[in-house]
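Contents: one structure, followed by commentary.
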Ligand code: URA
Ligand code: CA
């Protein structure tokens, strides 16, 4: 087999076989196939697309390019959740203890990654003593005992995807449905999930800017998941404003605590119930989505969900007293209020811009080696659709620097104020099976 022939075959729009796709991914991972040939191949996919079976073969070839996590020592159907990205997305922190408290095993592996705020692992580390470096035996034991554990990413998962994603980034081939879908799904499948719930975001703060594209991506990922023997469901949700009020690490932990007690922001609460009921259903812990939702509402009401969060923290060495006393979380030295300068209605909060403002404060990593400031971030006070008057507080900035004029300005500018009444977008647009 020669790479040049496979590039031509894809360029002409013909369907590649499993053997051919395996050849490309193996050869690219071990260095036999150079970047220039792989770039041409990615561009051919960009223009010619891939059939469902090609997409499944590509995904599985990337899964097999590296280590795969074996969760078979954990009892039950392991359901993983993945969000295609957004700002202030606190859902994992909430969903892990929430669905665990109705008996769904949550064996979560989470990276530190780059982003506007830290990943789930960073957020959890704002709890004193919390340890995410667990060996696999301890991890399995904790999930079997408590139904929930979170471990930092280790091992060499999907090296083919890492290499290809880097190449796509500099060759104009990121924005291709088959390439995005296989990239995301390969990582989920390699992490050992039996079933997967995807949260595909639409809006200014997301990869997909409109419903049509988001649906296409969601369908592509659901088909790959099901084709690879993993029951997969996708929820399409709104990211035309950040989710919840908090953007920042310790601030989001506090928001997760509030939500697990039933006192969280309405949008975050609702999205967690939507995603959570799909997880409970896929795990076989409820016969219908409605029954799953009732179970989740019930554990929030009885306090079982917040108790599960405490158990989860304690069993990974953390100080669970922060749950009853969140003032023990890292706190920033200064707060600044961003004020409304004209009367009207909030029509949009550009999520990306708020995310950048949080990252200027130090809430996220700009390079692999940056140190995160767990205390800083932004608390939104007004959300889309709300009526505002001059002098109201739009948002509060939590900072460890005394002078943050640029951040105040950025947050102010991310709020769009309209003179007319504004109907907020739906939170959930569609659910793809
Ligand atoms: N996220 C990924 O992991 N891969 C892509 O290709 C795009 C977004
Ligand atoms: Ca949030």
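Numbering (the working numbering), first residue to last: 1 to 433.
Here a beta-carbon is modelled for each residue, glycine too, at the ideal position from N, C-alpha and C.
Predicted model only: the values in this text are computed from it and were never measured.
Candidates the options: closest to residue i by CA position
{"i": "residue 436", "options": "330, 377, 302", "result": "In the structure as shown, the chain starts at 1 and stops at 433, and residue 436 therefore has no counterpart that could be examined."}
{"i": "residue 29", "options": "64, 53, 68", "result": "64"}
{"i": "residue 428", "options": "104, 245, 201, 264", "result": "201"}
{"i": "residue 399", "options": "360, 380, 432", "result": "360"}
{"i": "residue 343", "options": "368, 390, 317, 306", "result": "390"}
{"i": "residue 109", "options": "100, 121, 98, 99", "result": "121"}
{"i": "residue 67", "options": "420, 191, 341, 404", "result": "191"}
{"i": "residue 9", "options": "47, 35, 431", "result": "47"}
{"i": "residue 223", "options": "123, 209, 31, 54", "result": "54"}
{"i": "residue 123", "options": "371, 386, 414", "result": "371"}
{"i": "residue 210", "options": "186, 240, 229", "result": "240"}
{"i": "residue 315", "options": "242, 41, 128", "result": "128"}
{"i": "residue 187", "options": "366, 159, 294", "result": "159"}
{"i": "residue 270", "options": "310, 58, 294, 319", "result": "294"}
{"i": "residue 143", "options": "72, 112, 114, 115", "result": "72"}
{"i": "residue 299", "options": "100, 153, 137", "result": "100"}
{"i": "residue 416", "options": "367, 97, 387", "result": "387"}
{"i": "residue 13", "options": "352, 51, 326", "result": "51"}
{"i": "residue 157", "options": "397, 185, 414", "result": "185"}
{"i": "residue 49", "options": "169, 302, 217", "result": "217"}
{"i": "residue 303", "options": "322, 204, 258", "result": "258"}
{"i": "residue 326", "options": "310, 118, 145", "result": "310"}
{"i": "residue 164", "options": "136, 262, 38, 114", "result": "38"}
{"i": "residue 115", "options": "357, 413, 425, 393", "result": "357"}
Chain-order list of residues whose beta-carbon lies under 7 Å from that of residue i (same chain, five-residue window excluded)
{"i": "residue 402", "result": "334"}
{"i": "residue 126", "result": "249, 250, 253, 329, 330, 374"}
{"i": "residue 220", "result": "55, 177, 178, 181"}
{"i": "residue 274", "result": "235, 428"}
{"i": "residue 130", "result": "124, 313, 316, 317, 318"}
{"i": "residue 430", "result": "215, 236"}
{"i": "residue 213", "result": "none"}
{"i": "residue 468", "result": "The requested residue 468 is not part of the displayed model; the chain covers only 1 to 433."}
Chain-order list of residues whose beta-carbon lies under 6 Å from that of residue i (same chain, five-residue window excluded)
{"i": "residue 227", "result": "56"}
{"i": "residue 92", "result": "120"}
{"i": "residue 282", "result": "79, 195, 231"}
{"i": "residue 256", "result": "90, 93, 94"}
{"i": "residue 244", "result": "88, 90, 255, 265, 268"}
{"i": "residue 11", "result": "44"}
{"i": "residue 395", "result": "338, 378, 380, 381, 411"}
{"i": "residue 198", "result": "82, 221, 234"}
{"i": "residue 41", "result": "7"}
{"i": "residue 22", "result": "61"}
{"i": "residue 107", "result": "71, 74, 78, 143"}
{"i": "residue 420", "result": "none"}
{"i": "residue 278", "result": "197, 233"}
{"i": "residue 84", "result": "200, 201, 207"}
{"i": "residue 242", "result": "87, 88, 351, 354"}
{"i": "residue 149", "result": "139, 142, 143"}
The beta strand (DSSP E) enclosing residue i, as first and last residue numbers
{"i": "residue 201", "result": "195 to 202"}
{"i": "residue 418", "result": "415 to 418"}
{"i": "residue 82", "result": "79 to 83"}
{"i": "residue 442", "result": "The chain is shown only over 1 to 433; residue 442 falls outside these bounds and no answer can be derived."}
{"i": "residue 378", "result": "377 to 380"}
{"i": "residue 56", "result": "Counting along the chain, residue 56 falls outside any beta strand (DSSP E), though it belongs to the alpha helix (DSSP H) covering 52 to 63."}
{"i": "residue 108", "result": "106 to 110"}
{"i": "residue 346", "result": "344 to 349"}
Opposing strand residues paired with residue i [DSSP bridges]
{"i": "residue 365", "result": "115"}
{"i": "residue 339", "result": "393"}
{"i": "residue 232", "result": "196"}
{"i": "residue 432", "result": "234"}
{"i": "residue 157", "result": "67"}
{"i": "residue 387", "result": "345"}
{"i": "residue 334", "result": "399"}
{"i": "residue 208", "result": "202"}
Minimum Cβ-Cβ distance from residue i to chain D less than 9 Å
{"i": "residue 281", "result": "Here chain D cannot be found, since the structure has a single protein chain."}
Segment limits, alpha helix (DSSP H) that includes residue i
{"i": "residue 248", "result": "That residue, residue 248, is in no alpha helix (DSSP H); its beta strand (DSSP E) goes 246 to 248."}
{"i": "residue 8", "result": "3 to 11"}
{"i": "residue 20", "result": "18 to 30"}
{"i": "residue 134", "result": "Per DSSP, residue 134 belongs to no alpha helix (DSSP H) and is neither H nor E."}
{"i": "residue 312", "result": "304 to 315"}
{"i": "residue 262", "result": "That residue, residue 262, is in no alpha helix (DSSP H); it is neither H nor E in DSSP."}
{"i": "residue 47", "result": "35 to 48"}
{"i": "residue 280", "result": "266 to 282"}
{"i": "residue 227", "result": "211 to 227"}
{"i": "residue 74", "result": "Note, residue 74: premise wrong, no alpha helix (DSSP H); not H, not E."}
{"i": "residue 91", "result": "91 to 100"}
Same chain, Cβ closer than 8 Å to residue i, neighbours up to 5 away in sequence not counted
{"i": "residue 288", "result": "281"}
{"i": "residue 98", "result": "260, 272, 276, 296, 299, 300, 305, 308"}
Notebook entry, point to check: Mind listing, in chain order, the residues whose beta carbon lies closer than 5 Å to a non-hydrogen atom of ligand 1?
Noted result: 180, 183, 184
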